[in-house]
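For the sequence shown, this note's numbering gives the first residue as 178, with consecutive numbering after it.
Each residue gets a CB set at the ideal place from its N, CA and C atoms; glycine is no exception.
Being a predicted model, the structure only gives us computed values, none of them experimental.
Notes follow the structure.
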Amino acid sequence: MVLKMQDTGNTDVKVIIGLTLVHFIGDFYSSFINPLLPVFVEKFALTLTEVGLLAGLSRFLAFVIQPTVGYLADYYRTRLFILGGPFLAIVFIALVGVAPSYPILLVFISLGSIGSSMFHPSTAGMISAYAGRHFGLSMSVFNTGGTFAFGLGPLFITYLVGTYGLEVSPVTMILGLAMMMVLLKIVPSPQGEGLARLGFIGSLKEVLGSVWKPIFLIWVVMFLRAFVDHSFRTFIPVLYAQEGYSLIAVGAVISLFTVAGVVSGLVAGHLSDRVGYRPLFYLTHGLATPTLFLSLLWLPCHWVWPWHRS
Numbered sequence: 178m179v180l181k182m183q184d185t186g187n188t189d190v191k192v193i194i195g196l197t198l199v200h201f202i203g204d205f206y207s208s209f210i211n212p213l214l215p216v217f218v219e220k221f222a223l224t225l226t227e228v229g230l231l232a233g234l235s236r237f238l239a240f241v242i243q244p245t246v247g248y249l250a251d252y253y254r255t256r257l258f259i260l261g262g263p264f265l266a267i268v269f270i271a272l273v274g275v276a277p278s279y280p281i282l283l284v285f286i287s288l289g290s291i292g293s294s295m296f297h298p299s300t301a302g303m304i305s306a307y308a309g310r311h312f313g314l315s316m317s318v319f320n321t322g323g324t325f326a327f328g329l330g331p332l333f334i335t336y337l338v339g340t341y342g343l344e345v346s347p348v349t350m351i352l353g354l355a356m357m358m359v360l361l362k363i364v365p366s367p368q369g370e371g372l373a374r375l376g377f378i379g380s381l382k383e384v385l386g387s388v389w390k391p392i393f394l395i396w397v398v399m400f401l402r403a404f405v406d407h408s409f410r411t412f413i414p415v416l417y418a419q420e421g422y423s424l425i426a427v428g429a430v431i432s433l434f435t436v437a438g439v440v441s442g443l444v445a446g447h448l449s450d451r452v453g454y455r456p457l458f459y460l461t462h463g464l465a466t467p468t469l470f471l472s473l474l475w476l477p478c479h480w481v482w483p484w485h486r487s
């Protein structure tokens, strides 16, 4: 969803903060799912296939359908997508702890993941309309909100569930709903550019134009990266739980993985300006595969995370 820049160069700080908080609160609840997979495995006696279905459906509904949701958000210019999305994530992901069966757990996570897909296109598209001359800074602040949520969320939920039990998860709803009351006052309605009149395929053609081939190749690379990333996030919690690590330690590993990705991304961005992006691309992707392979198969688990083993 693309929006026009403000006529003035001033940044609307209140709106940028509001959009960042939407990003934070939606991703904060979405980050609960993977760290709790070992608990779901124990509660419902899940197989690895069922674990994969749970995590795969969550990621598919949260990310892959975003272009379609973005088109609908452009067609229906309402705050329903911006605020309704986080609301779904807050309510249904908080209810996973009281799901009575695996099918109901799938429904709760699916609805929460759909909520995550609803707010991402709209909020990201609105940044340019309120950033003024500070678009880069505003976008970085917005992105940091989501990344910080994925770093903090696993620590928060694993501590809570590890201390008080899975049944306490609905209590987390209070925090999110209180935040939603604030966001209702400061987040405006979106203003689209009218691409909806072109239809979904027509909108893609209008936006991508003649550069669709390099964009498609970039998409393929990002797809493969995300495939590995989410596979790691899905099965590492199960592996480390089987190795005897506490739920809090599992959450810490996921948080560390997320935060390290943010820091390395900033460093890589700086280095790419100095040495070029191609050498850095090959170096980082070349190191990622053997590093993840070592962490899974060859290195003892305490090399990866030395504490909280039962």
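Short of 6 Å in beta carbon distance, which residues of its chain neighbour residue i, apart from the five on each side in sequence? Order them along the chain.
| i | result |
| --- | --- |
| Ile363 | Lys191 and Gly195 |
| Asn187 | Gly309 |
| Thr435 | Phe327 and Gly328 |
| Met316 | Ile304 |
| Gly342 | none |
| Asp204 | Gly323, Ala326 and Phe327 |
| Val318 | Thr197 |
| Pro391 | none |
In whole angstroms, what separates the C-alpha of residue i from that of residue j?
| i | j | result |
| --- | --- | --- |
| Ala306 | Thr197 | 14 Å |
| Ile425 | Val216 | 12 Å |
| Phe240 | His407 | 12 Å |
| Ile226 | Val218 | Going by the sequence as given, residue 226 is Thr instead of Ile. In a straight line, the C-alpha of Thr226 is about 11 Å away from that of Val218. |
| Met419 | Val440 | Met is not the amino acid found at residue 419; the sequence shown has Gln there. Near 29 Å, if we compare the C-alpha coordinates of Val440 and Gln419. |
| Ile413 | Arg236 | 16 Å |
| Leu352 | Arg455 | 43 Å |
| Met182 | Gly302 | With a pLDDT of 44 at Met182, under the threshold of 50, the modelled position of that residue is not reliable, and the figure given next carries that caveat. Their Cα atoms are separated by approximately 11 Å. |
| Ala355 | Ser387 | 45 Å |
| Thr321 | Leu314 | 10 Å |
| Pro467 | Arg254 | 46 Å |
| Phe393 | Gly421 | 42 Å |
| Tyr459 | His311 | 32 Å |
| Val359 | Met350 | 15 Å |
| Arg451 | Ala271 | 45 Å |
| Leu337 | Val430 | 16 Å |
| Ile395 | Val405 | 16 Å |
| Ala437 | Phe269 | 29 Å |
| Leu453 | Leu223 | The sequence shown places Gly at residue 453, not Leu. If I take the Cα positions, the gap works out to 46 Å. |
| Gly292 | Ala403 | 20 Å |
| Ser449 | Phe258 | 36 Å |
My understanding is that residue i touches residue j, with C-beta atoms under 8 Å, so please give their C-beta distance in whole angstroms.
| i | j | result |
| --- | --- | --- |
| Pro331 | Ser423 | Contact flag wrong, Cβ pair sits at about 13 Å. |
| Gly339 | Phe296 | With 8 Å as the limit, Gly339 and Phe296 do not qualify as a contact, their Cβ atoms being about 29 Å apart. |
| Val415 | Thr300 | Actually they are not in contact, since the Cβ atoms of Val415 and Thr300 sit about 32 Å apart, beyond 8 Å. |
| Phe221 | Tyr279 | 5 Å |
| Leu260 | Leu361 | 7 Å |
| Phe325 | Phe201 | 6 Å |
| Leu231 | Ser294 | About 17 Å separates the two Cβ atoms, so there is no contact after all. |
| Ile267 | Tyr206 | 5 Å |
| Leu469 | Phe409 | 6 Å |
Residues in its own chain within less than 8 Å of residue i by CB, not counting five upstream and five downstream?
| i | result |
| --- | --- |
| Leu234 | Leu283, Ile286, Ser287 and Ser290 |
| Val228 | Leu214, Phe217, Val218, Thr411, Phe412 and Val415 |
| Ala445 | Leu457 and Thr461 |
| Met357 | Ile202, Leu260, Pro263, Phe264 and Ile267 |
If you drop the 5 nearest sequence neighbours on each side, which residues of the same chain put their C-beta closer than 7 Å to that of residue i?
| i | result |
| --- | --- |
| Arg256 | Val364 and Ser366 |
| Val427 | Pro212, Pro215, Thr335, Pro414, Tyr417 and Ala418 |
Query raised in the report: Contact between the segment 388-399 and the segment 188-198: three or more CB pairs below 8 Å?
Result: no
Requested in this report: Decide if the segment 334-354 is in contact with the segment 271-278; the criterion is three or more beta carbon pairs, one per stretch, under 8 Å apart.
Outcome: yes
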